[in-house]
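K.L.:
Per our numbering, the very first residue in the sequence shown carries number 6; after that it's consecutive.
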Amino acid sequence: MSRPVFWLRCEKKEFEKRAALTPTTAKKLIDAGFDIIVERDEQRIFDDSEYEAVGCKLVENNSWPSAPKEIPIIGLKELPVSTDPLPHTHIQFAHCYKNQAGWVDVLSRFDRGNGTLYDLEFLEDDNGRRVAAFGFHAGFAGAAAGALAVAAERKGEKLGQLNPYPNEAAMIEGVKKALGGSGKGVKALVIGALGRCGRGAVDLFKKIGLEDDDILKWDLEETAKGGPFQEILDVDIFINCIYLSSKIPSFITHETIAAAGKSRRLSVVVDVSCDTTNPFNPIPIYSINTTFSEPTVRVDLPSELPPLSVISIDHLPTLLPRESSEQFSIDLLPSLLQFPNRNSARVWTDANKLFEKKLADARAVA
Ligand SMILES: NC(=O)c1ccc[n+]([C@@H]2O[C@H](COP(=O)([O-])OP(=O)(O)OC[C@H]3O[C@@H](n4cnc5c(N)ncnc54)[C@H](O)[C@@H]3O)[C@@H](O)[C@H]2O)c1
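Listed below in structure tokens is the structure:
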């Protein structure tokens, strides 16, 4: 019997340095009997040589369209927009199952090519939880960006462009340095602290030196009394990490900020959840997503009040591409090991059923 194969394609999305398969997981797959083909990619945080060293076969950048049809192609983010049919099996985030812009066009490419999509966002374990997600590092990176913004505000400046860090140690060192050597004395409130993103935010704050008492960790129990919450105005950074599933009272409003007057402590809000355009967004004090090049947006407030910045970047894990890829890829590994049995392994049969359903939905409106 021939060995099972995965083909790791390059990423074409700007700034995307993460990878679905890292050299660590590639090696584990090779040890388990797989062949791993990797496209050379200058953009990726992992050097081509790291894959070569563990026994992967390196091929030209973006050469997957000419790969044999039976080889599954694994990647992370969306493929560039095109009308070309897709004859392969693709494992990736395709962002086309929630009626996002262009969803029919993406699915019809699979339909015309007779290909299959296994969307990474919808691979679930027996308890219905995602097998792999980037949440922890979204919270971790969001808290780092928030701490950098506090450091900038203290100097009366706006936070400048954010650039991905080579590793976690460099990020922690950079944030501590910006805060004068340590985050000690900074006070933070994390809502959604028991979730993936929330745990990441708390971890970053501990690693940059905040006292444990200065990290307020809230989840459902603490917000049950209903917002808005004065406690948010009494810390330096507020990080929102909740999974929003229904209408809830706002956590903070223009009115509560105005009522806090000139003595307000809060200077930075990081909305990791980024429900920016959701009508139930519990942080209705801003209306755009910010970016790595313009990480903050100022809340519109009377000029006599101290400034308040919001960070609402929707791809925060990209700020820490190495560690976030490692975590994601390791969590994905057990499912990848089952892929040769994809016609019977539940994680894959469920994902295939969902694909077939979405394909039918797309056909109905095409
Ligand atoms: N900005 C980014 O780059 C980025 C990246 C990944 C995830 N996200 C988003 O972050 C959000 C959280 O993701 P996650 O993976 O951490 O989810 P999760 O389900 O692991 O955690 C969510 C937490 O929020 C809590 N929660 C829900 N409603 C609450 C409320 N009203 N009050 C207090 N706590 C509440 C839950 O109890 C849970 O502990 C999602 O919306 C996700 O899409 C953003």
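Even for Gly, the Cβ is constructed at its ideal location relative to N, Cα and C.
Fully enclosed by the segment 281–358, which alpha helix (DSSP H) runs are 4 residues long or longer?
P.N.:
As far as the segment 281–358 is concerned, its whole alpha helix (DSSP H) runs of at least 4 residues are 326–342.
K.L.:
Please confirm whether any heavy atom of ligand 1 lies closer than 8 Å to the CB of P169.
P.N.:
Because no heavy atom of ligand 1 lies under 8 Å away, the Cβ of P169 does not count as near it: no.
K.L.:
Can you tell me the Cα-Cα spacing of D348 and L91, whole angstroms?
P.N.:
Position check: residue 348 holds Asn in this sequence, whereas Asp was assumed. Near 20 Å, if we compare the C-alpha coordinates of L91 and N348.
K.L.:
Let me check you understand the geometry: is the CB of W223 closer than 8 Å to at least one non-hydrogen atom of ligand 1?
P.N.:
Because some heavy atom of ligand 1 lies under 8 Å away, the Cβ of W223 counts as near it: yes.
K.L.:
Using alpha carbons as the reference points, say which of T261, N346, L84, F141 lies closest to G205.
P.N.:
Nearest option by C-alpha distance: F141.
K.L.:
Between R201 and ligand 1, is there a pair consisting of the residue's CB and a ligand heavy atom that are separated by less than 8 Å?
P.N.:
Answer for R201: yes, Cβ within range of ligand 1.
K.L.:
Measure the beta-carbon distance from L337 to V43 and round it to whole angstroms, keeping in mind my assumption that it falls under 8 Å.
P.N.:
Not quite, the Cβ-Cβ distance comes to about 16 Å (not below 8 Å), so this is no contact.
K.L.:
May I ask you to check if the CB of A138 is nearer than 8 Å to at least one heavy atom of ligand 3?
P.N.:
Looking for ligand 3 in the displayed structure turns up nothing; the ligands present are ligand 1.
K.L.:
Determine the closest residue to Y170 out of A193, P345, S330, S255, with distance taken between C-alpha atoms.
P.N.:
Checking every option, the nearest Cα to that of Y170 belongs to S330.
K.L.:
For C15, verify whether its CB is less than 8 Å away from any heavy atom of ligand 1.
P.N.:
Because no heavy atom of ligand 1 lies under 8 Å away, the Cβ of C15 does not count as near it: no.
K.L.:
Pull up the CB-CB distance for K17 and P85, whole angstroms please, since I reckon it's below 8 Å.
P.N.:
Correct: roughly 5 Å between the Cβ atoms.
K.L.:
Of all the options D239, P312, L306, which has the alpha carbon lying nearest to the alpha carbon of G161?
P.N.:
Closest option to G161, Cα to Cα, is P312.
K.L.:
Should F285 go down as buried or exposed, given a rule of 16 or more other Cβ atoms within 10 Å for buried?
P.N.:
It is exposed - the Cβ of F285 has fewer than 16 other Cβ atoms within 10 Å.
K.L.:
Give every residue of the same chain whose Cβ lies closer than 6 Å to the Cβ of A265, excluding the five residues on either side of it in the sequence, and list them in chain order.
P.N.:
Closer than 6 Å at the Cβ level, and outside the excluded window around A265, lie L238.
K.L.:
Would you be able to state if there are at least three C-beta pairs under 8 Å between the segment 305–319 and the segment 256–271?
P.N.:
Short answer: they touch.
K.L.:
What is the DSSP secondary structure of Y123, counted as helix, strand or coil?
P.N.:
Strand, per DSSP.
K.L.:
Can you name the residues that DSSP bridges to V273?
P.N.:
In DSSP, V273 forms a bridge with I242, S314.
K.L.:
Start and end of the alpha helix (DSSP H) containing D36?
P.N.:
From DSSP, the alpha helix (DSSP H) with D36 extends over 28–36.
K.L.:
Apply the 10 Å Cβ neighbour rule to K192 and answer buried if 16 or more other Cβ atoms are within range, or exposed otherwise.
P.N.:
When all chains shown are included, K192 counts as buried.
K.L.:
May I ask you to list the residues that DSSP assigns as paired with A193?
P.N.:
Its beta-bridge partners are I220, I242.
K.L.:
Between which two residues does the beta strand (DSSP E) harbouring K62 extend?
P.N.:
Start and end: 62–64.
K.L.:
So is the beta-carbon of E227 under 8 Å away from any non-hydrogen atom of ligand 1?
P.N.:
Checking every heavy atom of ligand 1 against the Cβ of E227, one is found closer than 8 Å.
K.L.:
With three or more C-beta pairs closer than 8 Å as the rule, is the segment 117–126 touching the segment 87–106?
P.N.:
The answer is yes - the segment 117–126 touches the segment 87–106, with three or more Cβ pairs under 8 Å.
K.L.:
Give the single residue among V274, V240, N66, L225 whose Cα lies nearest to the Cα of P376.
P.N.:
Given a span of 6 to 371 for the chain in the structure shown, any question on residue 376 remains unanswerable.
K.L.:
Quick one: grab the DSSP three-state call for F11.
P.N.:
Looking at F11 - three-state DSSP - the assignment turns out to be strand.
K.L.:
Does ligand 1 have a heavy atom nearer than 8 Å to the CB of A3?
P.N.:
Nothing about residue 3 can be read from this structure; the chain reaches only from 6 to 371.
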